[in-house]
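Residue numbers (my numbering), protein chains in the order written: chain A, 1 to 291; chain B, 1001 to 1322. One structure is given below, encoded as structure tokens.
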Amino acid sequence: MTGRGGRLVGALAGLARGPGAGMRLAGLAIVAAFATIAVLAPWIAPYGPEETSVPASLAVEPQPPSREHPMGTTELGFDVFSRIVWGSRVVLYVVALSALMAMAAGVPLGLVSGYYGGPLDRALSMVMDSIYAFPGIVLALAVASVLGPSPENAAISLSVVYVPTFFRMVRGQVLEVRESLYIEAARALGYPDRVVMLGHVLPNVAPTILVVFGLAATDAILTEAGLAFFGLTVSYPQPDWGLDLRVGLRHVADGVWWTTFFPGLAITLLALGFALIGEGFGERYAIRTER
Amino acid sequence: MAEPILSIEDLRVYYDTLLGPVRAVDGVTLEVPRGEWVSIVGESGSGKSTLAYAIMRLIPPPGRIAGGRIVFEGTDLTSLSGEEMRRVRGRRIGMVFQDPMASLDPVRRVGDQIGDVYLEHGVASDRREARRLAGEALEMVGLPASWVDRYPHQLSGGQRQRVLIAAAVALKPSLLIADEPTTALDVIVQDKIMDLIEDLKRELRMTVVLITHDIALAAERSTRIAVMYAGKLVEYGPVDAVVEDPLHPYTRGLIESAPDLWGEKRLRGIPGYPPDLRRPPSGCRFHPRCPLAVERCRSEEPRPLRLEGGRLVACHRALEGR
Chain A
1 MTGRGGRLVG ALAGLARGPG AGMRLAGLAI VAAFATIAVL APWIAPYGPE ETSVPASLAV
61 EPQPPSREHP MGTTELGFDV FSRIVWGSRV VLYVVALSAL MAMAAGVPLG LVSGYYGGPL
121 DRALSMVMDS IYAFPGIVLA LAVASVLGPS PENAAISLSV VYVPTFFRMV RGQVLEVRES
181 LYIEAARALG YPDRVVMLGH VLPNVAPTIL VVFGLAATDA ILTEAGLAFF GLTVSYPQPD
241 WGLDLRVGLR HVADGVWWTT FFPGLAITLL ALGFALIGEG FGERYAIRTE R
Chain B
1001 MAEPILSIED LRVYYDTLLG PVRAVDGVTL EVPRGEWVSI VGESGSGKST LAYAIMRLIP
1061 PPGRIAGGRI VFEGTDLTSL SGEEMRRVRG RRIGMVFQDP MASLDPVRRV GDQIGDVYLE
1121 HGVASDRREA RRLAGEALEM VGLPASWVDR YPHQLSGGQR QRVLIAAAVA LKPSLLIADE
1181 PTTALDVIVQ DKIMDLIEDL KRELRMTVVL ITHDIALAAE RSTRIAVMYA GKLVEYGPVD
1241 AVVEDPLHPY TRGLIESAPD LWGEKRLRGI PGYPPDLRRP PSGCRFHPRC PLAVERCRSE
1301 EPRPLRLEGG RLVACHRALE GR
């Protein structure tokens, strides 16, 4: 009941209870699996990401899945499975970084905007709505092409897309929490706005932040794949799922399915993992996630 | 009358609406002597809660203090900056709210919520000390100190109200404002909470201002009763005088509409409804519902009359036949 350890155990037990527990656990398992793969890539991948089984001067046919190459090879003789394993590092890095940056900007802005209201709130809401009006991929592409291709720049351009999502959800919740009697009571005890916001409003909107994080990360994976597809994250032959998807696309018509199918599957699975986490917590805290 | 701890002078609180200002409190003058228990009684919409919120300067927008002074321990609260007023709240004036079920933050332990008071007003230097003091505050209101680790959902309504009182009196304020603190509770618990407030008042030498619609409760606990109607103070005086010899017909109506325990009393309601405060009635605001109303009541607003014995009444016909 008491102590930090007890709280942690309680929080972990809470994950496995209540509505949406199955979704949460499945999502966490998927994301944890990909995170493990990313961390342990040197030990899991049978080949290096840019290690080729043939001399670079020789053009070869992509090889279908075999014992040596469980997911086949690409036209340059890269092992598809190894590239997916190594690629997960870039994908997770860009997605996590972008969601964290979007959260770091969107949450405080939504908190302040909703708490104080007034002209500041109107101005911020207008700016956020204008950003929100762009289709995510278009906005991310525009920002990324201005910043230039790199994983960090890709993360920045993705975060721009998701700041309004955090902002809107947090602001909406703050508007509701702000009217609570316990906020009034806190003010009657002479707490400054900072304490009321961080000590009472923020903890009560925390579940929303968790849910939005899951949803933003889900969307960010798909958008990241889009950026990678256009070569705005890493440059070939560095591994990134979206980029491999585009390179593999050339040969689809020749019946070479494995160079696109497996990276696509990885993208889908990871997105599913984050979506399950988000929706699972949404179920738990009865947070509506229509955006 | 002892020196007043709180003196409200011609206080006006308006809520601005599209159809013009609602005059929720309209020129109230009231002195609360130190060490007493003053109950402010009235119907819903009489302005009694607004008055309490005004003292704390916590009127929610679009409400505003449109005029008058609130002098507390020699300082006009209406002239303080936001930061100065913040330091008065919780430290020198404590406030307890109507709905204990909703007044505690659901996601924070009660010990942390009480402890914040000590931290934010610089009494405790760290969390540990704040927690220890919170435990002592819990004991002061008759709860075990070990309950600092409980969450609000683990407590009953009465226990929550005790926690809220503990937070409100944690820094030993000289004035405690209680806004219908027992309305949401059952009568047995209500009585115990009132006992608690009485005990704390004595121990901490506080002055109490109780906002209530229940004149029987007010009669039982207070030293003075103030009766409000439609944003105006209509009668004020020592409890015995007001209850046994009410001067204002509205006060009389309130007393006659309160049931007694034996059911022997014939209850008489007050016909009609409180007025729309955007367009209050001319003259005396009570005249459309008053059994004694005459032509003068329709045209001329009665000024508050100060009488001997610290009484005050605002009625043209109060002194007839005396």
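No residue lacks a Cβ here, since even glycine has one placed at the ideal position from N, Cα and C.
Going by beta carbons, Pro-151 of chain A and Val-90 of chain A fall inside the 8 Å limit.
Here Ile-267 of chain A is buried: its Cβ has 16 or more other Cβ atoms, across all protein chains shown, within 10 Å. Chain B has no Cβ within less than 8 Å of the Cβ of Ser-113 of chain A. Between His-200 of chain A and chain B, the shortest Cβ-Cβ separation is below 8 Å. When only Cα atoms are considered, Val-1025 of chain B and Gly-1067 of chain B end up about 10 Å apart. DSSP links Pro-1004 of chain B through a beta bridge to B:Pro-1033. In the three-state reduction of the DSSP assignment, Leu-222 of chain A falls in the helix class, which pools H, G and I. Put simply, the CB of Val-1117 of chain B is near chain A, with a gap under 8 Å to one of its CB atoms.
Between Ser-82 of chain A and Pro-42 of chain A, the gap from beta carbon to beta carbon reaches 8 Å or more. Taking C-beta separations shorter than 7 Å and ignoring five residues to either side along the sequence, the partners of Cys-1297 of chain B in its chain run Gly-1283, Cys-1284, His-1287, Cys-1290, His-1316, following chain order. Under DSSP, Gly-1309 of chain B forms no beta bridge with any residue. The Cβ-Cβ distance between Gly-231 of chain A and Leu-243 of chain A falls below 8 Å.
In its chain, beyond the 5 residues on either side, Arg-1023, Asp-1026, Ala-1230, Gly-1231 have a beta carbon closer than 8 Å to the beta carbon of Pro-1280 of chain B.
Neighbours of Pro-203 of chain A in chain B, taken as residues whose beta carbon is under 8 Å from its own, are Asp-1105, Val-1107, Arg-1108 in chain order.
Under the rule that a run must span 4 or more residues, the alpha helix (DSSP H) segments found entirely inside the stretch 71-124 of chain A read 80-116. Rounded to whole angstroms, Leu-189 of chain A and Tyr-162 of chain A show a C-alpha spacing of 36 Å. Chain A has a Cβ within less than 8 Å of the Cβ of Phe-1097 of chain B. Residues of the same chain with a CB within less than 7 Å of the CB of Ala-1293 of chain B, apart from the 5 flanking positions on each side, are His-1287 in chain order. As summarised for the stretch 1058-1105 of chain B, the continuous alpha helix (DSSP H) elements at least 4 residues long and confined to that stretch are 1082-1088, given in chain order. For Ala-155 of chain A, the uninterrupted alpha helix (DSSP H) run begins and ends at 151-178, by DSSP. Just so you know, the alpha carbons of Val-31 of chain A and Gly-87 of chain A end up roughly 15 Å apart.
Under the criterion of beta carbons closer than 8 Å, Val-1096 of chain B and Leu-1104 of chain B do not qualify as touching, at roughly 12 Å. A direct Cα-Cα distance of roughly 43 Å separates Pro-108 of chain A from Val-1041 of chain B. For the stretch 1158-1176 of chain B, residues whose beta-carbon sits nearer than 9 Å to a beta-carbon of chain A comprise Leu-1164, Ala-1167, Ala-1168, Ala-1170, Leu-1171. In the DSSP assignment, Arg-1160 of chain B falls within the alpha helix (DSSP H) that extends over 1157-1169.
In terms of Cβ geometry, Ala-154 of chain A and Glu-224 of chain A form a close pair [threshold 8 Å]. Restricting attention to A:Val-9, A:Gly-22, A:Gly-14, the CA atom closest to the CA of Ala-275 of chain A is found in A:Gly-22. For Gly-1045 of chain B, the number of other beta carbons within 10 angstroms of its own is at least 16, and it is reported as buried.
Scanning chain A for C-beta atoms nearer than 7 Å to the C-beta of Met-1056 of chain B yields Ala-188, reported in chain order. Counting the other CB atoms within 10 Å of its CB gives Gln-1154 of chain B a total below 16, which places it among the exposed residues. Chain-ordered, the chain A residues with CB closer than 7 Å to the CB of His-1121 of chain B read Gly-190.
Arg-1089 of chain B sits buried, since 16 or more C-beta atoms from the chains shown fall within 10 Å of its C-beta. Counting along the chain, the unbroken beta strand (DSSP E) around Thr-1207 of chain B starts and ends at 1207-1212.
In the three-state reduction of the DSSP assignment, Ile-1270 of chain B falls in the coil class, being assigned neither a helical nor a strand state. Taking 8 Å as the CB threshold, Tyr-182 of chain A lines the interface with chain B.
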